Each structure stands twice: as structure tokens, then as C-alpha cells.
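Taking it in order: structure first as C-alpha cells, then the write-up.
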Amino acid sequence: MPPGIDLSEDHIAAATELVEDTRTAFRTGSIYEPGLEPESIDIAYCRWLLVHLERPVSALAAVWAALKPGGSMVMEEADVSAVYAEPHCESYADMRDVALAAGNQRGVDYTGGRRAHLWARDAGFTIEHVSAYHPYYMDGPHKGFWNWTFQEAGANLVKAGLLSQENCDSLAAGMSAADSASHSVVAHCRMHQVIARKPLA
Ligand SMILES: C[S@@+](CC[C@H](N)C(=O)[O-])C[C@H]1O[C@@H](n2cnc3c(N)ncnc32)[C@H](O)[C@@H]1O
Numbered sequence: 008m009p010p011g012i013d014l015s016e017d018h019i020a021a022a023t024e025l026v027e028d029t030r031t032a033f034r035t036g037s038i039y040e041p042g043l044e045p046e047s048i049d050i051a052y053c054r055w056l057l058v059h060l061e062r063p064v065s066a067l068a069a070v071w072a073a074l075k076p077g078g079s080m081v082m083e084e085a086d087v088s089a090v091y092a093e094p095h096c097e098s099y100a101d102m103r104d105v106a107l108a109a110g111n112q113r114g115v116d117y118t119g120g121r122r123a124h125l126w127a128r129d130a131g132f133t134i135e136h137v138s139a140y141h142p143y144y145m146d147g148p149h150k151g152f153w154n155w156t157f158q159e160a161g162a163n164l165v166k167a168g169l170l171s172q173e174n175c176d177s178l179a180a181g182m183s184a185a186d187s188a189s190h191s192v193v194a195h196c197r198m199h200q201v202i203a204r205k206p207l208a
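So for the sequence shown, my numbering puts the first residue at 8; every next one is plus one.
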């Protein structure tokens with residue numbers, strides 16, 4: 008079975024600890040140069056990766072090279088612009104905008120999920136299926152996911168000059184208020200799914 012690959016040693020360690028199927032191995036590496044034998048794998052899957060990359064089509068070209076002719080590529084990529092709270096919460100709207108600006112500053116596009124099928128087409132794949140789902144919550148442990156994520160990333164956003172510490176704290180407080188309001192729904196990123204195939208030679 009081909010390995011699960013990620014750039015981060017910490018993430019590989021966490022995945023290795025979590026996995027229950029002992030046939031699944033993980034290792035560090037870059038999707039641009041995954042170190043896989045050409046035309047050696049039947050199916051490739053990636054999630055939440057390409058929106059973090061400056062060259063998503065080049066990354067998919069590397070996946071293409073590792074796939075056997077007729078092999079499948081499955082991906083799920085996010086569009087951060089779909090985050091909202093209803094009733095409207097200005098802090099959620101501002102957090103979304105700060106996240107998108109952070110992506111622009113890093114040379115990546117966190118709305119990219121909506122273009123996932125175009126990236127696949129540009130890398131030479133035949134698109135077989137597209138779909139999208141949009142998680143949203145009125146209660147439960149996942150409702151505040153983007154609030155926690157923002158709080159984790161807050162120090163870097165302040166360091167990057169995208170907002171002050173005071174703004175950061177105020178956004179977190181506003182999102183927490185929406186999270187704990189029983190009548191409020193919080194919508195997460197819309198997730199775009201693509202199933203594509205490398206044509207038979
Ligand atoms: C939002 S996380 C998604 C993690 C995991 N795929 C998931 O769906 O839970 C983005 C991941 O992309 C990884 N990453 C960033 N650039 C990469 C690259 N060039 N090659 C491989 N992984 C990369 C990061 O280390 C990080 O773990």
C-alpha cells in the first residue's frame with residue numbers, strides 16, 4: 008500500500024499514532040516530489056492540501072506521474088469564503104476575511120476548493136465526478152471548530168501584521184458568543200470533492 012505523505016513531522020507522528028490499520032504507513036515528504044515510483048499506484052487521495060500550495064496544478068502533475076494509467080485521484084479541498092454565522096456575526100465575517108487575506112499574503116488562495124476540478128483538468132485528468140458539502144452546526148462539539156482554529160493561528164496572524172492582538176481577542180470573543188448562542192448556526196468551509204482518472208495510455 009502506498010504511504011500517507013505530509014510535509015510536517017508532527018502531523019505524520021499524529022497520524023501514525025491515530026491509525027488503527029497496521030498496513031497503513033506514513034512518512035514525511037512533499038507532494039511536489041513524493042518519491043513514489045512512476046505509474047506505481049492505483050489510487051491517490053488528498054484532502055485540504057492543494058489550497059495550501061502556490062502551485063496546485065504542479066502538485067497534481069506529480070500525483071499523475073505516480074498513478075498507473077487508468078488510476079484514480081480523489082481530492083477534497085475547501086473554500087473558506089463559505090464560512091458564516093446566522094444570525095449574522097460580524098466576528099465570523101471578519102475572521103473569514105482575515106483568513107483569506109492571510110492566504111493572499113502567503114501566495115495561496117483559500118477559496119481554491121471551488122476550482123479543484125479545473126486544477127485536475129489542467130493536470131491532465133479526466134473528471135469523473137464533482138460534489139460539494141457544507142457542514143453547519145447549531146450545537147455540538149464541532150460548532151466552534153473555526154473559532155478554535157483561529158485562536159491557534161492568532162499569534163501568527165498578529166505577527167504577520169494582519170490584525171492587532173486586541174482585534175484578535177475581540178474576534179475570538181465575538182465568535183465564542185455565536186458558538187454558545189442556542190439559536191445561532193455556524194457554517195464551516197464548503198468542501199469540494201473531485202474524483203478524476205488518469206486516462207489509459
Ligand atoms: C489543513 S492541513 C490538512 C491535513 C490532512 N490532509 C487532513 O485532511 O486532515 C494541510 C497539510 O498540508 C501539509 N502540506 C503543506 N505543504 C505540503 C507539501 N508541499 N507536501 C505535502 N504536505 C504539505 C501541511 O503540513 C498540513 O499537514
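All C-beta atoms in this analysis are idealised placements derived from N, C-alpha and C, irrespective of residue type, glycine included.
Given the structure is predicted, the values throughout are model-derived calculations rather than measurements.
For MET80, the pairing in a beta bridge is given by DSSP as ALA51, ALA203.
Only residues of its own chain outside the window of five on either side were considered, and among them ILE202, ALA203, ARG204 have a CB closer than 7 Å to the CB of GLU135, listed in chain order. Setting aside the 5 residues that flank it on each side, MET198 is surrounded in the same chain by GLU83, ALA85, GLY120, ALA139, TYR140, each with a C-beta closer than 7 Å to its C-beta; the list follows chain order. Non-local beta-carbon contacts of PRO94 in its own chain, meaning distances under 7 Å to residues more than five positions away in sequence, involve SER191 in chain order. Per DSSP, reduced to three states, the secondary structure at ASP146 is coil, with no helix or strand assignment. DSSP places ARG197 within a strand segment (E or B) once states are collapsed to three. Per DSSP, the unbroken alpha helix (DSSP H) holding PHE157 starts and ends at 152 to 166. Close CB contacts of GLY114 within its chain, under the 7 Å cut and outside five residues either way in sequence, are with GLU61 (chain order). Below 8 Å, too few C-beta pairs join the stretch 91 to 105 and the stretch 51 to 60 to call them touching: fewer than three. Ordered along the chain, residues surrounding ligand 1 are ASP13, LEU14, SER15, HIS18, SER37, ILE38, ARG54, TRP55, LEU56, HIS59 [Cβ under 5 Å from any heavy atom]. Take MET102, set aside five residues on each side of it, and the residues of its chain with a beta-carbon closer than 6 Å to its own are PHE157, LEU178, in chain order. Counting C-beta pairs closer than 8 Å gives three or more between the stretch 24 to 40 and the stretch 56 to 70, which meets the contact rule. Under the DSSP assignment, ARG122 falls outside any beta strand (DSSP E); it carries neither an H nor an E label. Taking the C-beta atoms as reference points, VAL90 is found nearer than 8 Å to TRP153. Taking a 10 Å sphere around the C-beta of LYS150, we find 16 or more other C-beta atoms and assign the residue as buried.
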